[in-house]
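Enquirer: Chains as they are written, first to last, in this note's numbering: chain A, 1 to 221; chain D, 1001 to 1088.
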Amino acid sequence: MTTKSIGIIVFPGSNCEYDVASVLEAMGTKTRFIWHGQGDLGDVSGLILPGGFAHGDYLRPGAIARFSPVMSSVREFAKSGRSVLGICNGFQVLTEAGLLPGALQKNAHLKFLCKEVELEVASAKSSATSLTEIGQRLRLPINHFEGNYTCDPGTLGELESNNQVVLRYVDNPNGSMNSIAGVCSIERNVVGMMPHPERACDDLLGSVDGLQIFKSFISNL
Amino acid sequence: MNGKSMRFQAKVQVWLRPGIADPEGHTVFEAIHALGYSGIAGVRMGKIISLDVEADSKESAEKRVSEIATSLLSNPVLEDVEIQINEA
């Protein structure tokens, strides 16, 4: 049996790729960094777009990253039904690329937020929450300026009626509509979330709740 | 003739769409009132992006700038654009 491998997309300005790789490797999964300038994803079974500031967040977070050569391969990968997870800046990239609905607007009150927050699982039917249960509480850190989830009322209605909201803030820190912290695609294989599960996978860091996200993701490879 | 003989300057203004919270604009609005000015009914913050364009006609310059403005310079979920093009 060969161990399945997870590709981690690295843009100029990504800064959470080593944290994600470290967690996944400790869980016994192979990882491979994929530079944004290459179109070939190689033989990977899942993709993670990590946090950071891709292309310096110039223009808007994710606005330039969306046009990186690797993104057309990411799009094809997602369309094939395989699992894709965008964390923080990776979530912003996925919305800009149109792989997830909505957009991440500047936080309410223009506050940069860096703290642990409590989340509630809103749907366990996604590639990143499949081993959790609805209503389960997770403590994960957030670290963002543009995390205020926004979309038009029609899209919001569809997200809710299709159960595409996967995570909600218990105490909305950034003004996100309906306290949305994470959403999935209609096919449920592409997930984006603002909190950082990779920073909550060791007791030393105060929470191991992030493991729930990665265990779910690995189980869907 | 290279077919791109005319030069234009395009100004792309990017605004948050109506209904999208603009906390920066609101804060500036409050500061204006704190300074004692009256008669300012609203403030909106936006961006201006200037492009130097070479094209064979104003129409073709407008078409290209419009595509760039909606595909890259703005996010239609959050923002509207206004474009002005003048011969340079």
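Just so it is clear, CB atoms sit at the ideal spot from N, CA and C, and this is done for glycine as well.
Remember, it's a predicted structure, so these values are computed and weren't measured experimentally.
Using a C-beta cutoff of 7 Å, does L1051(D) count as contacting chain A?
Expert: no
Enquirer: Should E116(A) and R139(A) be called a contact, given that it needs their Cβ atoms to be closer than 7 Å?
Expert: yes
Enquirer: For F67(A), which residues of its own chain have a beta-carbon under 7 Å away from its beta-carbon, when the five flanking residues on both sides are left out?
Expert: none
Enquirer: With a threshold of 7 Å between beta-carbons, can A78(A) be considered close to chain D, or not?
Expert: no
Enquirer: Label F77(A) either buried or exposed according to how many other C-beta atoms from any shown protein chain fall within 10 Å of its C-beta, with 16 as the threshold for buried.
Expert: Buried, since its Cβ has 16 or more Cβ neighbours within 10 Å.
Enquirer: From what residue to what residue does the beta strand (DSSP E) around H144(A) run?
Expert: 137 to 144
Enquirer: Quick check on the DSSP output: what are the complete alpha helix (DSSP H) runs of length 4 or more inside the stretch 30 to 87 of chain A, in order along the chain?
Expert: 70 to 79
Enquirer: Going by DSSP in three states, Q212(A) sits in which element: helix, strand or coil?
Expert: helix
Enquirer: How many angstroms separate the CA atom of D1056(D) from the CA atom of R1007(D)?
Expert: The alpha-carbon atoms of D1056(D) and R1007(D) are separated by roughly 8 Å.
Enquirer: Cutting at 7 Å between CB atoms, please list the residues of its own chain near R1017(D), excluding the five before and the five after it.
Expert: L1078, E1079, D1080
Enquirer: Who does C184(A) pair with in a DSSP beta bridge?
Expert: V191(A)
Enquirer: Assuming I1083(D) and S1066(D) form a contact by the criterion Cβ under 8 Å, report the distance between their Cβ atoms to the nearest whole angstrom.
Expert: 6 Å
Enquirer: Checking the sheet assignment: what are the DSSP bridge partners for L1035(D)?
Expert: Bridge partners of L1035(D): none, in fact.
Enquirer: Between W1015(D) and F217(A), what straight-line distance do the alpha-carbon atoms span, to the nearest angstrom?
Expert: 38 Å
Enquirer: Inspect the beta-carbon positions of L47(A) and V84(A) and report whether they are closer than 7 Å.
Expert: The answer is yes: Cβ separation under 7 Å.
Enquirer: For V20(A), which residues from the same chain have a beta carbon less than 6 Å from its beta carbon, with the 5 sequence-adjacent residues on both sides left out?
Expert: I8, I48, P50, E198
Enquirer: Quick one, are the C-beta atoms of L221(A) and K4(A) less than 7 Å apart?
Expert: yes
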